[in-house]
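Enquirer:
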Amino acid sequence: CLCAINSRCCSCQRMANMVPSTPGSGPMSNLIATVKAACDEMAPMVRTFYEAVNGETSMLKADKSVFTIADGIVQHLVVKHLLAGSKFKSIVGEEDVEVNISVRPYTVDTLKVPDQFCDMIDGVRDRIDKLSAQVDVEAYKSKSVFVDPIDGTREFSTGLGEQCTILVGIAGADGLSEAGIIYRPVPNPSQWVAGCASEGCRMHNLQPSSEVFETPRLATTNGSISGWTSALLAAGMEQYKSGGCGNKAMLLLEGKASAYIQDRGISRWDSCGPEAVLCAFGGMLTKLSVVTQDPDAFASKTDFTSCRYTYLEADSNLDFVPNLATLTPYNARDGVAVDKTSRELAQTAEQVKRYANLCGLFAVSSAKEEDLKKYAALVKAATAASPPSFD
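All residue numbers for the sequence shown refer to our numbering, where the first residue is 786 and numbers rise by one.
See the structure below:
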C-alpha cells in the first residue's frame, strides 16, 4: 500500500468534524463578525458581477475587465470604507488601483463601471459605511490587515465562481496572523468560516462532507502542478483539483481534502486569513521549507512560531531566505530580469516581491503530532524524489 498516512488505507479519510459555531469574546472576534457582515452586504454585488460574465444572458464580455472592476470595488469597500479612519497599523491589499465610487461615472483604474451597476454599488457602499461605526477606533492600532478582495481570478472568469473567496486576515504587532475570515460570495447562500484561536472564536456555516475516500486527498490548483507536487502525489496521495488558497483551506475544514501542500508560492494576502482560520479550528498553515528541511524534527515541534509567515507592511520581503526560491515572473520584483531557462535562485530580498510567500505552503486541518508525522513522512518521500523549487 502506498498510503503513508495510515497503514490501513480504508481509515485514512477522517470525516470533517467541525465544532459548532462559537462567537468568541474580544476585540478580534468583534472585528471579524463585522467583516463578515460586510461580506454579506457585498456578496449579492459580487454575484451580479459574476453573472454578468458567466450567466446565460451575459451582459458583458467574458474577460478580465469585469473581474478587475469587482476585485477593485470589493477591496475599496473593505479598505476605504469598512476599515477606514486610521484604526489599524497598516492595511495591505492585493490590488493597487485607483477606485472612484463617489462621483459618477464610477471607475476602477482606467475602466468605467457600467451604468447598470452604479445604483447597486451605492447601496452596498452606504450600508458598509454604517457598519464601519462598529469598528473600534482604538482597539486595533497595533494590528495589520491583509486583504485579498477576490481570491481566484481564473475561476471567476471561467465559470468556477464557487471556488472564489474574499479573504481578510488580521495580524498582531509581532506579524503573526491572529484572526481571519474566508468567504465564498458566489454560492447563494454564501459559505464562510472565520476564527481567532486566542479568543476561542470559531464561526462558520459550512456543511461537513460525508464522503469517504481511502487515499488522502491533496488539494491542488486547477492548472499545472510542479514536479515536487507530482512526487507528493506519487508518495501516496490523491489529487483534488480546485482553485484559490482560501477555497482550499475551506475544503480541508469541510473534509473534502486532507491537506493543501505546495512548493509554488502565493502571497501574504492569500494566506493571512486562511492561516488564522485553520489555527482556530485546530489546524495549521505554515512554511513548507521548514518541513522539507527536517521533516522528522518538524513533526515533533512544540512551538511553530519560527515556521510561520510574517504579516507586516514592509519595503522588503520579511521572510526571505537566500538561495531558496526560484525566480519567476510571478515572484520577481518589477524591473528584475528573469531567465525562465536558467532556474536562477533569488539571492537578495531586493530581487523579489515584498509580499511573495517564497517558502512554500504546508496546510492541514489537524496540527496534532500524530497527524503532522504522517504528512511529514509524505513530504520527506516527495523531497527525496524531486527537490522542491519554491517558485
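Here a beta-carbon is modelled for each residue, glycine too, at the ideal position from N, C-alpha and C.
#1: Sort Ile1046, Cys1030, Pro1107 by Cα distance to Ser1052 and report the nearest one.
#2: Just the Cα atoms here: how many angstroms apart are Ile876 and Glu999?
#3: Cβ of Ile955 less than 8 Å from any chain D Cβ?
#4: Exposed or buried, Gly1178, counting other C-beta atoms within 10 Å across all chains shown (16 or more means buried)?
#5: For the candidate residues Ser927, Ser942, Asp1100, Val978, whose alpha-carbon lies nearest to that of Asp959?
#6: Using the Cα positions of Thr1005 and Arg1118, report the straight-line distance between them to the nearest angstrom.
#7: In whole angstroms, what is the alpha-carbon distance linking Val1156 and Gly937?
#8: Go to Gln1073, then tell me how far its alpha helix (DSSP H) extends in each direction, as first and last residue.
#9: Secondary structure at Asp1104, three-state DSSP: helix, strand or coil?
#10: Mind checking Asn1142: buried by the 16 CB within 10 Å criterion, or exposed?
#11: Can you tell me the Cα-Cα spacing of Arg832 and Lys1165, whole angstroms?
#12: With respect to the beta strand (DSSP E) encompassing Ser929, which residues constitute its N-terminal and C-terminal limits?
#13: With the cut-off set at 8 Å, would you say Trp1013 and Ser1150 are in Cβ contact?
#14: In whole angstroms, give me the CA-to-CA distance for Arg1002 and Leu1018.
#15: Just verifying my parser: in three-state terms, what is the DSSP assignment at Arg987?
#16: In or out: Val930 buried (at least 16 other Cβ within 10 Å) or exposed?
#17: May I have the straight-line CA-CA distance separating Ala1247 from Ala1152, to the nearest angstrom?
#18: Among Ser942, Leu1163, Arg1093, Pro1107, which has the Cα closest to the Cα of Thr1133?
#19: For a test of the three-state rule: what should DSSP assign to Met1022, helix, strand or coil?
#20: For the region 870-943, list the alpha helix (DSSP H) runs that are entirely contained and at least 4 residues long, ordered along the chain.
#21: Inspect the beta-carbon positions of Gln1078 and Gly1145 and report whether they are closer than 8 Å.
#22: Under three-state DSSP, which class holds Ala1034?
#23: Are there any heavy atoms of the ligand PLP lying less than 7 Å away from the beta-carbon of Thr1168, as far as the coordinates show?
#24: Kindly indicate which three-state DSSP category Asn791 falls into: helix, strand or coil?
#25: With a threshold of 7 Å on Cβ separation, who are the neighbours of Glu984 within its own chain once the five nearest residues in sequence on each side are excluded?
Expert: Quick look at the numbers:
#1: The residue given as residue 1052 occupies position 267 in the sequence shown. For the residues Ile1046, Cys1030, Pro1107, the minimum Cα distance to Ser1052 belongs to Cys1030.
#2: By one-based count along the sequence shown, residue 876 stands at place 91. By one-based count along the sequence shown, residue 999 stands at place 214. Roughly 43 Å separates the two Cα atoms.
#3: Checking the listed chains, one finds no chain D in this structure; it contains a single protein chain.
#4: No answer is possible for residue 1178: the residues shown for the chain start at 786 and end at 1176.
#5: Taking the sequence shown and counting its residues from 1, one reaches residue 959 at position 174. Looking from the CA of Asp959, the closest CA among Ser927, Ser942, Asp1100, Val978 belongs to Ser927.
#6: The residue you call residue 1005 lines up with position 220 of the sequence shown. The residue you call residue 1118 lines up with position 333 of the sequence shown. C-alpha separation (whole angstroms): 26 Å.
#7: Locating residue 1156 in the sequence shown gives position 371, where the first residue counts as 1. Locating residue 937 in the sequence shown gives position 152, where the first residue counts as 1. One detail in the question is off: residue 1156 reads as Asp in this sequence, not Val. Between Asp1156 and Gly937, the C-alpha separation is close to 29 Å.
#8: Your numbering for residue 1073 matches position 288 in the sequence shown. According to the sequence as given, residue 1073 is Leu; it is not Gln. Element bounds for Leu1073: 1073-1078.
#9: Position 319 of the sequence shown, counting from 1, holds the residue named residue 1104. Asp1104: coil per DSSP, three-state reduction.
#10: Locating residue 1142 in the sequence shown gives position 357, counting from the first residue. Its Cβ being crowded by 16 or more others within 10 Å, Asn1142 is buried.
#11: If you number the sequence shown from 1, residue 832 lands on position 47. If you number the sequence shown from 1, residue 1165 lands on position 380. C-alpha separation (whole angstroms): 42 Å.
#12: Locating residue 929 in the sequence shown gives position 144, counting from the first residue. Per DSSP, Ser929 belongs to the beta strand (DSSP E) from 929-936.
#13: The count along the sequence shown starts at 1 and reaches residue 1013 at position 228. The count along the sequence shown starts at 1 and reaches residue 1150 at position 365. In this structure, Ser1150 does not lie closer than 8 Å to Trp1013 by Cβ.
#14: If you number the sequence shown from 1, residue 1002 lands on position 217. If you number the sequence shown from 1, residue 1018 lands on position 233. The C-alpha of Arg1002 lies about 9 Å from the C-alpha of Leu1018.
#15: Here residue 987 corresponds to residue number 202 of the sequence shown, with the count starting at 1. Of the three classes helix, strand and coil, the one that applies to Arg987 here is strand, per DSSP.
#16: In the sequence shown, counting from the first residue as 1, residue 930 sits at position 145. Label assigned to Val930: buried.
#17: This structure does not reach residue 1247, given that the chain is present from 786 up to 1176, and the question cannot be answered.
#18: To locate residue 1133, count along the sequence shown from 1; it is residue 348. Closest option to Thr1133, Cα to Cα, is Pro1107.
#19: Along the sequence shown, read from residue 1 onward, the residue named residue 1022 stands at position 237. Residue state, collapsed to three classes: coil.
#20: 903-916, 938-942
#21: Residue numbering aside, residue 1078 sits at position 293 when the sequence shown is read from its first letter. Residue numbering aside, residue 1145 sits at position 360 when the sequence shown is read from its first letter. Contact: no.
#22: Numbered from 1 along the sequence shown, position 249 holds the residue referred to as residue 1034. DSSP places Ala1034 in helix when its eight states are reduced to three.
#23: You won't find the ligand PLP in this model; it holds no ligand whatsoever.
#24: Counting from one through the sequence shown, the residue named residue 791 turns up at place 6. Unreliable placement is indicated for Asn791, whose pLDDT of 39 sits below 50; no coordinate value is reported for it.
#25: Here residue 984 refers to the residue found at position 199 when the sequence shown is read from its first residue. Contacts found: Gly809, Ser810, Gly811, Met813, Ser814.
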